[in-house]
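Numbering (the numbering used here), first residue to last: 99 to 213. Cβ coordinates follow ideal geometry from the N, Cα and C atoms, glycine included.
Quick look at the structure:
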């Protein structure tokens, strides 16, 4: 498994999901966020350093297309019931507080990683 680049803002904390490193899910089996123990390359003071993820504060932004009214919304992963995979049909709690069936169109990792 190759290393994944993660942008670092200070020596111990890395944040993924910034505009320059936002990624769309490409493979159906690729996780929506990185897990503890994953080897990464963290950029610190202009240099890339090898590191391992020690803690994760998970936050995945999920763009969904609501069925029926064909609108889209961005919700957090804790508002989604079902598999976090692009193209999967899930149940979401909309911004209005209602439950609705939707299809995931994009996943963005905005998690906070400590290395």
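Distance CB(residue i)-CB(residue j) smaller than 9 Å
i           : j           : result
residue 189 : residue 195 : no
residue 162 : residue 206 : no
residue 160 : residue 174 : yes
For residue j and residue i, the rounded distance between their alpha carbons
i           : j           : result
residue 208 : residue 193 : 19 Å
residue 213 : residue 168 : 40 Å
residue 141 : residue 182 : 28 Å
residue 112 : residue 136 : Here the model assigns residue 112 a pLDDT of 49, short of 50, so the residue's position is not dependable and the matter cannot be decided.
residue 147 : residue 129 : 23 Å
residue 87  : residue 170 : Absent from the structure is residue 87, since the part of the chain shown begins at 99 and ends at 213.
residue 149 : residue 143 : 15 Å
Cβ neighbour criterion (16 or more within 10 Å) applied to residue i
i           : result
residue 172 : exposed
residue 134 : exposed
residue 145 : exposed
Residue from the options whose Cα sits closest to the Cα of residue i
i           : options               : result
residue 191 : 184, 200 and 185      : 200
residue 187 : 168, 176 and 164      : 164
residue 178 : 167, 203, 139 and 154 : 203
residue 198 : 176, 175, 185 and 166 : 166
CB-CB length for residue i against residue j, believed under 8 Å
i           : j           : result
residue 210 : residue 155 : 4 Å
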